[in-house]
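Under our numbering, the residue at position 329 of the sequence shown is numbered 329, and the numbers go up by one with no gaps.
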Amino acid sequence: MSNMNYTNRNHPGAKMREVSLPRLLLLTLRRWRSMLLAGLILAVLLAGVKVLREYRNRSVSNVAHEEYLANMAVYNASVEAYTNAIERFQTKIDAKQQYFNESLLMQIDPHNESAAIASFVVRTPGLDRADDSDAEPGQTQNAAVINASNVVHAYVDFINSGISYDAIASEQGVSEQNIRELVLITSDQYHFSSVFKVQARSMDMDLSRKILDHIIEEIDKNRDAFRGTLGEYEISVVSRSEENQVDTVLLQQQTDLQNSIATLQKNLQTSQTSLKELIKPSEATGASTKTIIKHGIKYGVVGMAGGIFLMVLLFAIRILMNGRILTDDEINVTYGLRNLMTFPAGAGGREPSSAIDRLVERLVSDAPDMTIAEASDVLLARVENLTAASGWSNIVLAGSLRESLLRSFAEMLQKRAGESGSALTFAVASELDRNASSIRRLRDADACILVEEIGETVYRDAAEEVELVQASGKPILGTVYL
Numbered sequence: 001m002s003n004m005n006y007t008n009r010n011h012p013g014a015k016m017r018e019v020s021l022p023r024l025l026l027l028t029l030r031r032w033r034s035m036l037l038a039g040l041i042l043a044v045l046l047a048g049v050k051v052l053r054e055y056r057n058r059s060v061s062n063v064a065h066e067e068y069l070a071n072m073a074v075y076n077a078s079v080e081a082y083t084n085a086i087e088r089f090q091t092k093i094d095a096k097q098q099y100f101n102e103s104l105l106m107q108i109d110p111h112n113e114s115a116a117i118a119s120f121v122v123r124t125p126g127l128d129r130a131d132d133s134d135a136e137p138g139q140t141q142n143a144a145v146i147n148a149s150n151v152v153h154a155y156v157d158f159i160n161s162g163i164s165y166d167a168i169a170s171e172q173g174v175s176e177q178n179i180r181e182l183v184l185i186t187s188d189q190y191h192f193s194s195v196f197k198v199q200a201r202s203m204d205m206d207l208s209r210k211i212l213d214h215i216i217e218e219i220d221k222n223r224d225a226f227r228g229t230l231g232e233y234e235i236s237v238v239s240r241s242e243e244n245q246v247d248t249v250l251l252q253q254q255t256d257l258q259n260s261i262a263t264l265q266k267n268l269q270t271s272q273t274s275l276k277e278l279i280k281p282s283e284a285t286g287a288s289t290k291t292i293i294k295h296g297i298k299y300g301v302v303g304m305a306g307g308i309f310l311m312v313l314l315f316a317i318r319i320l321m322n323g324r325i326l327t328d329d330e331i332n333v334t335y336g337l338r339n340l341m342t343f344p345a346g347a348g349g350r351e352p353s354s355a356i357d358r359l360v361e362r363l364v365s366d367a368p369d370m371t372i373a374e375a376s377d378v379l380l381a382r383v384e385n386l387t388a389a390s391g392w393s394n395i396v397l398a399g400s401l402r403e404s405l406l407r408s409f410a411e412m413l414q415k416r417a418g419e420s421g422s423a424l425t426f427a428v429a430s431e432l433d434r435n436a437s438s439i440r441r442l443r444d445a446d447a448c449i450l451v452e453e454i455g456e457t458v459y460r461d462a463a464e465e466v467e468l469v470q471a472s473g474k475p476i477l478g479t480v481y482l
């Protein structure tokens, strides 16, 4: 708990007191109506000035608003462009990365490739006797050579796209395309030729051999079907080998794919950075009615908070400067008195008038959780215990409170005493420093109870009441706080 020391400015000789700052702030809540009113006034003033100023500049602001809308259009277009680019790059990266991870071809070590290789030769009628001298004028080769070359091209297309590799793909648990791209065919694409080479490549020689065997089997099964289109020909395997080789072409393919992924990732990062660095245009102040209202509300909230804060500060300073009692133990500790009871709000006839007042009193009051009637009965019982041995019954209530409040409290206690069968009687002695009747009632009483009000009673006034009672020789049973 934060405490602060202060001395009453009007009574420099008074003892130094410790003040709880949270307690002081709580006491200011009793003036919540004034705080709310001050906040509303300041809120209306600030919001009104702001709205009026922006409304006067509205014609200028409308030009700025048009510029803002144009800048926002550019900004939104840029955001959309960068967002689409990011999605496009990410889609390409995901696709290429998935292909690189799943493709059997990309998993091959190009420096140790298992390859099953077969070379095929095509023979057509008259090919053995073909030479340049037999060519007709305007021709580059004779018909036998052209036919052989056509058969080669037909089989290259057949191996590339006509053969099904589903069975092998199913065994390997991959797609057919994964198997198809393991096959590499080499032929002379620009000159007439009757020879072509087929390579089945993989990481495992058994798989390469199986693919090549499947190709040769499919060629044997379909050679008669091709004769109806291509004419008479013969195709045969002239050589077959299996070897682990260095595949520089595959190495370049893998390198190109990795470089392509890296380039896309760099472009993705560039687009993401550019998107983050885009600065959203600021809307021109007072550019529209909506903006004016929004700024008016903003300044109204600031004004409300500022007004409430100023009133809290004002009431706190007022309490400190007046030296009012903040807790129910300040006088007790100074003069060695006991606290007989701290009453809930309304004990002096001032019942809180609203739910907010009742809530504030529950926060501020140190009273125990009981009703006024219950607190009165407890007080009567304590006084009876304190006076039983001496036989005192005439009790005077003294304090610096106004007489009407003290009298109302005394009447309530007297009523409760009559209902409970107590012999105690209560009189009022207010303003002992200036009221002769109060001094006489104190003289006629058996004992005294000091009654004060937390947050309202001035500490010095209460101290003077205690000193006057002590000077009269009357015993002080204790204190009661309202």
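Where a beta carbon is used, it is the ideal one built from N, C-alpha and C, also for glycine.
Using alpha carbons as the reference points, say which of His65, Thr248 and Ala200 lies closest to isoleucine 185. Nearest to isoleucine 185 by alpha-carbon distance, out of His65, Thr248 and Ala200, is Ala200.
4-residue-minimum alpha helix (DSSP H) runs that sit fully inside the region 237 to 282, ordered along the chain: 248 to 277
Reducing DSSP to helix, strand and coil, say where asparagine 112 ends up. coil
How close, in whole Å, do the beta carbons of leucine 380 and leucine 310 come, if the pair is a contact with beta carbons under 8 angstroms? Not really, about 44 angstroms apart at Cβ, beyond 8 angstroms.
Length of the line joining the Cα atoms of glycine 478 and leucine 337: 5 angstroms
Which residue marks the beginning of the beta strand (DSSP E) containing glycine 399, and which one marks its end? 394 to 399
Specify the secondary structure class of isoleucine 324 as computed by DSSP and reduced to three states. Before going on, a small fix: residue 324 reads as arginine here, not isoleucine. Here arginine 324 sits in strand by DSSP.
Could you check the C-alpha separation between leucine 40 and lysine 50 for me, to the nearest Å? Between the alpha carbons of leucine 40 and lysine 50 lies a distance of about 15 angstroms.
Here's the rule: buried if 16 or more other CB atoms are within 10 angstroms of the residue's CB, otherwise exposed. What is glycine 307? By the 10 Å Cβ count, glycine 307 comes out buried.
Specify the secondary structure class of alanine 427 as computed by DSSP and reduced to three states. Strand at alanine 427.
Measure the alpha-carbon distance for tyrosine 99 versus serine 282 and round it to whole angstroms. 45 angstroms
Hey, could you find the ends of the beta strand (DSSP E) lysine 197 is sitting in? Residues 195 to 202.
Give me, in chain order, the residues of the same chain whose beta-carbon lies closer than 7 angstroms to that of serine 376; leave out the 5 immediate sequence neighbours on both sides. Only Met412, Leu413 and Arg416 meet the Cβ criterion.
In whole angstroms, what is the alpha-carbon distance linking valine 451 and alanine 47? If you take the alpha carbons of valine 451 and alanine 47, they lie about 47 angstroms apart.
Count the other C-beta atoms from every protein chain shown that fall within 10 angstroms of the C-beta of glutamate 465, then say buried if there are 16 or more, exposed otherwise. buried
Determine the burial state of asparagine 147: buried for a count of at least 16 other Cβ atoms within 10 Å of its Cβ, exposed for fewer. buried
From glutamate 374 to alanine 345, what distance separates their C-alpha atoms? Each residue's CA atom was taken as its position, placing glutamate 374 and alanine 345 some 13 angstroms apart.
Given that a residue counts as buried once 16 or more other Cβ atoms are within 10 Å of its Cβ, and exposed if not, what is lysine 280? Counting other Cβ atoms within 10 Å of its Cβ, lysine 280 stays below 16 and is therefore classed as exposed.
Near proline 12, what residues of its chain come up, given a Cβ to Cβ distance below 7 angstroms and the 5 sequence neighbours on each side ignored? Residue placement at proline 12 is flagged as unreliable, the pLDDT there being 46, under the threshold of 50; the coordinate-derived value follows with that caveat. Taken in chain order, the list of residues that qualify is empty.
Buried/exposed call for isoleucine 317, threshold 16 Cβ in 10 Å: exposed
Could you tell me how far apart the beta carbons of valine 238 and valine 121 are, in whole angstroms, since I believe they sit closer than 8 angstroms? For a cut-off of 8 angstroms, the C-beta gap from valine 238 to valine 121 is around 5 angstroms, short enough to register as a contact.
Mind the definition here: the region 69 to 82 touches the region 168 to 178 only if three or more C-beta pairs lie below 8 angstroms; say whether that holds. no
Do you know whose CA, among Leu406, Phe196, Glu232 and Asp224, lies nearest histidine 153's CA? Phe196
If you reduce the DSSP assignment to three classes, tell me which class glutamate 232 lands in. In the three-state reduction of the DSSP assignment, glutamate 232 falls in the coil class.
To the nearest angstrom, how far is the alpha carbon of phenylalanine 315 from that of glutamate 330? 20 angstroms
Going by other Cβ atoms of all chains shown within 10 Å of its Cβ, with 16 needed for buried, is arginine 324 buried or exposed? buried
Measure the C-alpha to C-alpha separation of isoleucine 454 and glycine 296 and round it to an integer number of angstroms. 40 angstroms
Please classify asparagine 5: is it buried, with 16 or more other beta-carbons within 10 angstroms of its beta-carbon, or exposed? With a pLDDT of 43 at asparagine 5, under the threshold of 50, the predicted position of this residue should be treated as unreliable, though the coordinate-derived value follows. So asparagine 5 counts as exposed.
For tyrosine 103, does the three-state DSSP call read helix, strand or coil? Here residue 103 turns out to be serine, not tyrosine, going by the sequence shown. If DSSP states are grouped into helix, strand and coil, serine 103 belongs with coil.
To the nearest angstrom, how far is the alpha carbon of serine 271 from that of alanine 85? 7 angstroms
Alpha carbon to alpha carbon, how far is serine 133 from isoleucine 261? Its pLDDT being 44, under 50, serine 133 is placed unreliably in this model, and the value from its coordinates should be taken loosely. Rounded to the nearest angstrom, the two C-alpha atoms are 54 angstroms apart.
Own chain residues within Cβ distance below 7 angstroms of leucine 182, not counting five before or after: Around leucine 182, the same chain offers Leu104, Leu105, Ala200, Arg201, Ser202 and Ile211 as residues with beta carbons nearer than 7 angstroms, after the five sequence neighbours per side are excluded.
Nearest to valine 249 (by Cα), restricted to the options Asp166, His111 and Ala388: The residue with the shortest Cα to Cα distance from valine 249 is His111.
Spatial neighbours of glycine 303 in its chain, beta-carbon cut-off 6 angstroms, leaving aside the 5 residues before and after: Leu42, Ala43 and Leu46
Can you name the start and end residues of the beta strand (DSSP E) that leucine 182 belongs to? Where leucine 182 is concerned, there is no enclosing beta strand (DSSP E), given that its DSSP letter is neither H nor E.
Own chain, CB closer than 6 angstroms to aspartate 206, minus 5 neighbours either side, in chain order: Once the five neighbours on either side are set aside, aspartate 206 has no close Cβ partner at all.
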